[in-house]
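Everything in the sequence shown is counted per UniProt numbering, starting at 1 for the first residue and increasing by one. A virtual CB, placed ideally from N, CA and C, is assigned to each residue, including glycine. Predicted model, so just to flag it, every value in this text is computed and none were measured.
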Amino acid sequence: MTDYPALTLETPAEHPFAQFVRILGKGKRGARDLTRQEAREAMGMVLDDKVEDTQLGAFLMLLRHKEESAEEMAGFTEALRERLQAPALNVDLDWPTYAGKKRHLPWYLLAAKCLAQNGVRIFMHGGGAHTAGRLYSEQLLDELNIPLCRNWQQVGSALDNGGLAFMPLVDWAPQLQRMIDLRNTLGLRSPIHSLARILNPLNARCGLQSIFHPGYQAVHRDASGLLGDTAIVVKGDGGEIEINPDADSHLYGTTGGESWDEEWPQLSSQRHVKPASLDPEHLKAVWRGDVVDSYPQMALIATMALALRGLGQTREQAFETARQYWDARDRSI
């Protein structure tokens, strides 16, 4: 006797999250952006593990195809902040580092170290080595004596003792890390790679953001503005917060809900040759002053100036202060 599957005789109830997938995916004429409140509710369900895996994949890829709006990014961030059990720590700069470098070494790490030596309190966070062929911050923390913190207490201690702390996303927002890790399953990066740059989990005085793809910088600036954050968004080298001295830089800023823009001209009169390989020992040699290399010196001083600009200095003041900090750094490493 053959056992056949039971017939469905009653219409099953719709999953509560289905409405958000439908809003994004209802065809060219029916689909629309999520409102800020809808985005907040949708991300809240994701963070509370109330979403099926099939729904999550569809949701992320529909957002990626559509391109997320400032209102959506603000709503997603609000959902995360509501659930974050973070202490009240005094932080000057939120410094997300999620892209990794492939053309040049991560000179931004030396910029952050130098700023921290001069009393600037910096919280760094990242999502691990998710793309082959790139060098990530996490891989160099030990080399450069940057504290790896696995809980908020360790972050507070590192900030008090040296002004610089790195905490992996997986330790404070594991659901977001899981979505980042879906990259190799879905075949595309999801909007979470962008969202992580806006989160500013410790409410730093200024959030620095690097967005490589044109058009997204203004969206990120607007999202931070909606959240009431002070932020500067740039197209940093390789997607990291690092000024490329061989190119003009456009700063997309927001302060007190007001947007502003600033153009920084390139620093080098001619383009530098890309190094043949990325040797972390070269980072330490530059820090110690053992070698003279114009590209990193321009890049890290300009990156320090960017950070100081975010903390209220003018461009001219910021560059002068950055040079003073670099010349007076503690060169031991």
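Run of the beta strand (DSSP E) containing Thr254, from where it starts to where it stops: Boundaries of the beta strand (DSSP E) harbouring Thr254: Ser249 to Thr255, taken from the DSSP string.
Start and end residues, beta strand (DSSP E) containing Gly207: Where Gly207 is concerned, the enclosing beta strand (DSSP E) stretches over Cys206 to Ser210.
Find the nearest neighbour of Gly133 within the set Arg103, Arg150, Trp107 and Ile146, judged by alpha-carbon distance. Of Arg103, Arg150, Trp107 and Ile146, the residue nearest in Cα terms is Arg103.
Helix, strand or coil: how does DSSP classify Ile122 here? Ile122 falls in the strand class under three-state DSSP.
Bounding residues of the alpha helix (DSSP H) (the contiguous stretch that carries Phe166): Here Phe166 belongs to no alpha helix (DSSP H); instead the beta strand (DSSP E) covers Leu164 to Pro168.
Three Cβ pairs or more, each shorter than 8 Å: is that satisfied between the stretch 220 to 235 and the stretch 61 to 80? Yes, they touch.
Cα-Cα separation between Leu148 and Ile301, rounded to whole angstroms: If you draw a straight line from the Cα of Leu148 to the Cα of Ile301, it comes to about 24 Å.
Distance between beta carbons of Ser210 and Arg64, contact taken as under 8 Å: In fact, because the Cβ distance is near 19 Å, the residues do not count as touching under 8 Å.
Hey, could you find the ends of the alpha helix (DSSP H) Asp53 is sitting in? Counting along the chain, the unbroken alpha helix (DSSP H) around Asp53 starts and ends at Asp53 to Lys66.
Please report how far the alpha carbon of Pro311 lies from the alpha carbon of Met124, in whole angstroms. Contrary to the premise, residue 311 reads as Leu rather than Pro in this sequence. Their Cα atoms are separated by approximately 16 Å.
Does the stretch 55 to 62 come within contact of the stretch 21 to 40, defined as at least 3 CB pairs closer than 8 Å? Yes, the stretch 55 to 62 is in contact with the stretch 21 to 40.
Along the chain, where does the beta strand (DSSP E) that runs through Leu93 open and close? Residue range Leu93 to Pro96 is occupied by the beta strand (DSSP E) that includes Leu93.
Over what stretch of residues does the beta strand (DSSP E) that includes Trp260 continue unbroken? Glu258 to Trp264 is the span of the beta strand (DSSP E), which, as asked, contains Trp260.
Go ahead and pull the three-state DSSP assignment for Ile301. Three-state result, Ile301: helix.
What number of angstroms, rounded off, separates the C-alpha of Asp248 from the C-alpha of Asp142? Answer to the nearest angstrom: the Cα atoms are 33 Å apart.
Rounded straight-line distance, which links the Cα of Thr255 to that of Gln217: Those two C-alpha atoms are separated by around 15 Å.
Nearest candidate by alpha-carbon position, reference Leu105, set Glu240, Gly289, Thr314 and Glu316: Nearest option by C-alpha distance: Glu240.
Can you tell which of Tyr136, Val51, Arg29 and Thr35 has the C-alpha that lies nearest to the C-alpha of Glu14? If we check each option's Cα against that of Glu14, Val51 comes out closest.
Is Ala116 near Ile122, with beta carbons less than 8 Å apart? In contact: Ala116 and Ile122 (Cβ atoms closer than 8 Å).
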